[in-house]
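Read top to bottom, the protein sequences are chains A and B. For the first sequence, position 160 (counting from the first letter as 1) is numbered 167 according to the working numbering, and the numbering increases by one without interruption. For the second sequence, position 586 (counting from the first letter as 1) is numbered 591 according to the working numbering, and the numbering increases by one without interruption. Take a look at the structure below.
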Amino acid sequence: MTTDFYGDETTFGSVYDRRILGRLWGYLRPYRARVFTSVGLMLVIASLDAAGPLIVRYAIDQQIRAGQTDQLGTLTLLFVGTLVTGFALSYAQGMMMAFVGQRVVLDIRLDLFRHLQRMSISFFDRNPVGRLVTRVTNDVAVIEQVLTQGVVQILTNLLMVIVFLGVLLFLDWRLALLMYVFMPPLIWSVRLFALTQREAFTQQRIWLARLNAYLNELITGVAILQLFNRRRESMRRFDERNAGLLEANKRSIFWYAVFEPTVVAFGAITTGAILWYGGGRVVQETLTLGTLVAFLQYMQRFYWPLRELSQRYTTLQSAIASAERVFTVLDSPEEVTDVEAPRHLATPVQGRIEFRDVWFAYEPDNWVLRGVSFTIEPGERVAVVGATGAGKSTMMSLITRFYDVQRGEILVDGVPIRDLPQRELRRHVGLMLQDPFIYTDSVIENIRLRDTSISEEQVQRAATAVGASRFIERMPDGYASHLAERGANLSTGQKQLIALARVAAFDPEIVLVMDEATASIDPETEALIQRGMEAMTERRTAIVIAHRLNTIRSVERILVLHRGELVEEGTHEELLALGGTYHRLYELQYQAADTPSS
Amino acid sequence: MAGAIDAAHRAPAPPRGGGNPIVRYVLRYRWQYALGFVALLAASLTALLPPFILRDAVDAIEGGTTRGELARFGAMILGLAVIESVARFGSRLLVSGTAYRLQYDLRNDLADHLLTLDQRFYVGSRTGDLMSRATQDLQWLRDFTGPTLIDVTRTVVMLILGLGFLLTIDVRLALIAMAYLPFVSAAVAYFETEVERRYLQVTRQFGELANRVQESISGVRAVKAHALEDIEIAWFTRDNEEMMGRSLTLARYTSGLFPVMILASGVSTGLVLWFGGRDVVSGRITIGEFVQFGTYLAILAAQLSAVGWIIASWQQGIVSWGRVSEVLRTVPTVDEPSNPRPPAEGGGELRFEGVTASFEGQDVLHDFDLVVPAGDTMAVVGATGSGKTTLANLLVRLADPTAGRVTIDGVDVRELALRDLRDLVAFVPQESFLFSDSLRDNIAFGRPEATDEELARAVATSQLENDLVQFADGLDTVIGERGVTLSGGQKQRAALARALVKDAPILVLDDALSHVDTHTEEGILRRLRAYMADRTTLLIAHRTSTLRSADEIVLLAEGRIAERGTHDQLIALDGAYARLYREQQHVEASERGATDVEASAVETPGLEPGIDIETGDTSEGGAS
């Protein structure tokens with residue numbers, strides 16, 4: 008992973024990046040029949056478009072200038088006919104590409120989402136939620152826009168230019184060559200413009216990313232800013248970013264303002280030249296007036312797509328950048344994977360946990376657990392104790408395989424958890440999180456997590472068992488009550504009760520409880536949680552990170568971790584009597600709470 | 006003075022200075038706009054003149070002409086093009102350039118304005134929404150005051166002039182050629198309403214989708230812990246299929262608009278071929294005029310084909326205009342006094358006199374009285390919702406009372422300049438927010454000029470020293486999203502250090518050590534004692550071990566003082582406080598480690614959904 012915060016945002020992809028285009032094509036491949044039909048239709052549409060001036064040419068030369076009107080009706084009908092056909096085909100083609108675009112977007116989004124679901128927790132530790140959400144939503148939306156609109160327009164415009172060039176050559180090669188003379192400088196200036204836009208675009212995005220990140224912080228921390236009288240200083244910093252963005256924008260506007268008139272001027276030069284040379288030839292009667300008029304009409308249609316092309320360039324560029332970022336997420340490797348021939352737990356699951364010389368580090372060589380070994384028998388209740396950073400919660404995360412151990416192994420009922428499918432393992436190991444995530448949904452869905460295989464009665468039974476039912480039933484709609492974003496309408500204690508009910512509803516054989524002290528729960532709820540916890544750990548294998556002395560006294564065994572090593576184990580009394588690390592921890596922390604501060 | 010808070014103070018914000026706040030910005034650049042429009046008019050007019058030259062040229066060719074005369078026609082076209090190019094360049098630079106400048110001004114002022122708004126505003130808003138107003142809406146507004154304005158003006162001018170020129174050539178033919186205009190208007194109107202409605206449906210579904218992803222990723226531990234990946238995927242697939250359905254319905258209309266325009270204008274060209282061709286033969290018009298006619302129709306068609314999107318961006322601009330104005334018009338309820346009084350010299354005596362305050366429509370404090378003598382430490386305890394935090398908020402004016410007053414050394418806090426008031430109080434809030442910056446900058450936040458010794462002292466008092474050793478760059482370690490993630494306890498201690506460095510006469514700790522383990526907390530309190538000795542301190546906490554060090558303790562219940570006295574007095578009283586104390590004695594045990602480094606990752610901090618923080622330029626709505 009990059010250490011640069013903007014690292015992810017400064018990849019602004021080159022339009023010519025074949026690797027990315029190749030992968031995007033991979034998504035289009037399943038719909039290639041439609042894509043090719045669509046391209047074919049565009050060719051027909053472009054040809055129909057080219058037919059208009061030819062009909063006018065015929066009308067001028069064969070009818071009007073000859074003083075005839077007998078075929079004018081037919082010619083008009085023919086003209087309108089090409090238009091109507093063109094209309095029908097454009098519409099069909101548009102719908103076809105819209106369908107392809109939507110399918111592709113659906114495929115990319117699902118791929119991305121499925122991939123995210125397979126990612127291990129360490130991936131989410133590294134990637135902020137906001138960034139991932141942006142990948143799945145906005146970045147994919149940008150790709151879609153380009154697939155459905157950009158690519159079609161660009162292809163149509165390119166085809167039009169090619170068809171026109173061909174028709175002109177057929178009509179009069181000398182006049183056509185005269186027109187071609189102006190092509191290289193025009194293409195060169197379009198390229199130059201695209202290049203300047205690309206530079207500007209990169210700058211714009213960098214500044215915008217900085218500006219937005221800073222603004223987001225200002226809004227989130229507004230109270231602190233106000234309380235520390237830092238508005239002026241913060242605004243100074245904000246202005247730096249805002250001014251940087253303005254400068255980047257100005258450059259882009261300048262080149263844009265230059266580019267547009269340049270194309271206009273080229274158009275005029277070409278028109279003038281055609282009028283001068285072609286007109287002369289009409290007078291000499293080596294060219295018909297109709298052909299000259301047709302040339303002039305093609306001119307108009309010719310410059311329009313060229314202008315469009317250059318404008319689409321930036322859109323295409325941002326899509327490539329988005330695609331690159333999406334693919335980066337898709338390419339992030341799965342760190343915790345299922346083995347090819349997984350083993351399974353024998354049913355009924357007993358709930359025996361064994362650590363065999365487990366070593367683990369989040370970063371290389373910074374060992375959080377060092378050779379931890381122990382066994383917990385089915386139905387046993389064990390507490391894990393240790394100072395901050397001793398590795399307690401890491402141990403819990405390892406049992407659910409949020410991370411894989413580097414050395415040694417962990418076994419459940421004698422089977423190494425590495426050999427079990429992750430999902431099977433987690434169905435039998437319930438993890439109660441300290442700060443559970445609350446969905447913007449009803450209470451019942453928050454308990455069963457939208458898993459409808461768990462019935463409403465089961466949810467209610469679980470809630471009752473852990474003592475959460477009382478506060479839930481007091482809510483206006485009981486279990487159907489709606490919970491606000493991130494559980495804003497619940498207290499910390501209530502959220503923990505929901506978390507307890509959640510684990511109970513899934514009824515695992517092994518429960519892991521992360522219950523560390525937070526001082527912001529009022530004593531009444533605190534007592535409720537404690538009773539619920541006891542109910543939940545009954546008849547199950549339980550590992551508890553506890554801060555309550557009661558809990559620690561009630562467990563059958565205490566494991567004492569110290570700097571990633573299992574240093575002592577035994578009951579509360581045994582360990583106190585031992586007079587070692589546990590005794591010291593106990594003295595230090597419990598006594599501290601007991602000593603009068605004055 | 007107690008009744009000084011009249012109804013007007015709490016009334017909804019009146020618009021500042023009457024008119025629309027954005028108009029001021031447009032007026033600021035009126036000369037640039039005026040000049041830009043002149044250039045635009047010139048460009049539009051010169052763009053419509055070449056067909057006249059074409060007419061003359063064709064007629065001249067038809068009558069037999071010389072190369073020299075033809076060269077003159079060519080040169081005239083070129084000359085007009087030069088004028089048009091220069092005018093176009095000028096108008097772009099003037100109008101678009103001004104729009105970007107205006108966006109810059111507006112963005113600065115909007116950000117500055119946001120920083121003056123109070124908590125009442127922020128409680129009712131979502132960060133994601135505010136961000137999208139300050140980014141996407143400003144972008145649409147910029148287009149509205151720049152490119153869109155140019156396009157609209159040019160289209161209108163070109164249409165009117167073009168039609169006028171058509172009429173000067175031949176009225177009958179012009180009317181025939183224009184016959185399609187009502188049809189085009191009807192088509193545009195039809196498509197616009199249909200598109201708008203369906204676009205809204207797509208946007209809404211997009212919001213749903215964004216929320217789904219946001220929640221699914223935020224709750225990834227729960228999803229994984231219960232092996233619910235397949236269920237999540239199933240829900241997400243369902244949402245996406247709905248999204249696809251709605252998008253395709255929308256496409257049915259959007260795919261039609263452009264081809265219909267081409268068809269309509271093409272048919273009119275066909276009619277001109279039919280009628281105009283006969284007119285040339287019958288001698289009503291010359292062949293040059295016939296060509297000129299066709300050329301005008303092509304120019305008008307090109308203008309019309311862009312109408313659809315011009316209307317869309319126009320509508321978008323109006324909506325954004327409203328959304329940005331709304332924020333700018335919001336007046337903070339916590340406002341600067343018009344004639345601020347200087348702070349009194351009194352050592353920081355705090356008084357709450359008959360204070361009533363409400364939060365989200367419910368009273369949290371009723372007719373509340375409390376005096377904290379200068380230099381004392383007053384501890385406040387009470388259940389969730391008993392009004393503790395409100396007390397702290399009223400003191401620093403994060404909120405204002407609905408009745409009664411809060412004074413510091415006898416001066417109503419509402420009569421102090423906000424700057425002075427906040428210089429008087431160092432505040433450690435419940436939610437310890439730190440900026441993605443170096444630890445040093447965060448701690449010196451309130452007093453950037455603080456010396457290294459002062460910083461070191463604050464770091465020592467808040468027991469951050471040991472943590473600093475873990476960081477490679479010590480105080481210069483960058484924290485937050487761009488750097489090291491701090492645990493809850495570390496954040497709280499950094500926030501405490503930040504308040505200490507500020508060195509204000511009054512210190513407010515609002516449940517500020519809840520994530521710090523008891524042992525560390527004890528150490529902090531011990532070191533703080535010297536600091537607090539000559540300062541007035543408001544200490545809000547749950548733990549009796551924290552509270553007992555105070556000179557006096559008040560226990561709040563439902564917005565009133567239920568018990569009051571020293572620790573020993575309250576124990577002797579044997580009321581709620583004594584009960585709380587006993588329970589905590591019972592419960593408080595060895596493990597006080599809510600500050601595990603690993604545990605801090607339980608919920609990954611994230612941004613609000615839907616806002617593309619990197620680009621801010623998505624056209625689809627966010628997760629609103």
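For each residue, glycine too, the CB sits at the ideal point set by N, CA and C.
Counting along the chain, V551(A) sits inside the beta strand (DSSP E) bounded by residues T548 to I552. Spanning the alpha carbons of E431(A) and T407(A) requires a straight line of approximately 10 Å. Within its own chain, the residues whose Cβ lies closer than 7 Å to the Cβ of Q160(A), once the five positions on either side in sequence are excluded, are E315 and R319, listed in chain order. In the DSSP annotation of this structure, the continuous segment of the alpha helix (DSSP H) that includes F130(A) starts and ends at I128 to R133. For D368(B), DSSP records a beta bridge to S363(B).
Taking a C-beta distance under 8 Å as the contact criterion, I315(B) and V100(B) do not qualify as a contact pair. The beta carbon of H231(B) falls within 8 Å of a beta carbon belonging to chain A, placing the residue at that interface. In this structure P268(A) is not in contact with S49(B), their Cβ atoms being roughly 13 Å apart against a cut-off of 8 Å.
Straight-line spacing of the CA atoms in S476(A) and I536(A) works out to 12 Å. In terms of Cα proximity to D458(A), the closest of L164(B), H231(B) and Y195(B) is H231(B). A buried status is given to L396(B), since no fewer than 16 other beta-carbon atoms sit within 10 Å of its beta-carbon. Listed in chain order, the beta strand (DSSP E) elements of length 3 or more contained wholly in the region 450-535 of chain B are 511-515. Per DSSP, the beta bridge partners of P423(A) are L418(A). At a Cβ-Cβ threshold of 8 Å, I66(B) and L296(A) count as neighbours.
Between G577(A) and V375(A), the C-beta gap is not smaller than 8 Å, which leaves the two residues out of contact. Per DSSP, reduced to three states, the secondary structure at G261(B) is helical. S449(A) carries a strand assignment under DSSP once its states are collapsed to helix, strand and coil.
The beta carbon of I406(A) sits no closer than 8 Å to any beta carbon of chain B. Just measuring C-alpha positions, the residue of F189(A), A280(A) and Q204(A) sitting nearest F266(A) is Q204(A). Residue burial is scored here from C-beta neighbours: I517(A) has at least 16 other C-beta atoms within 10 angstroms and is therefore classed as buried.
The beta-carbon separation of V360(B) and R402(B), rounded to 13 Å, does not stay under the 8 Å limit for a contact.
Sequence-distant partners of D481(B) (beyond 5 residues in either direction) whose C-beta falls short of 8 Å from its own C-beta, in its chain, are S443, L444 and R445.
For F280(B), no beta strand (DSSP E) encloses it, and the DSSP letter there is neither H nor E.
When the beta-carbon positions are compared, L98(B) and A264(A) come within less than 8 Å of each other. Here DSSP, grouped into helix, strand and coil, assigns M521(A) to strand. Using beta-carbon distances, K502(A) does not count as an interface residue toward chain B, since no partner is under 8 Å. Counting only runs of at least 4 residues, the region 139-211 of chain A fully encloses the following alpha helix (DSSP H) elements, listed from N- to C-terminal order: 147-152, 158-178 and 180-188.
Taking the Cα positions, G494(A) is about 35 Å away from L255(B).
M383(B) sits in a strand when the DSSP states are folded into three classes.
Per DSSP, L438(A) lies in no alpha helix (DSSP H); the unbroken beta strand (DSSP E) holding it starts and ends at V436 to M439. For P26(B), the closest Cβ of chain A is not nearer than 8 Å. Counting the other CB atoms within 10 Å of its CB gives D338(A) a total below 16, which places it among the exposed residues.
By the 16-neighbour rule on beta-carbons within 10 angstroms, P192(A) is exposed. Pairing G451(B) with A362(B), the inter-Cα distance amounts to about 28 Å. Not one beta carbon of chain B lies nearer than 8 Å to the beta carbon of A183(A). Between the region 368-382 of chain B and the region 142-159 of chain B there are fewer than three C-beta pairs closer than 8 Å, too few to call the two in contact.
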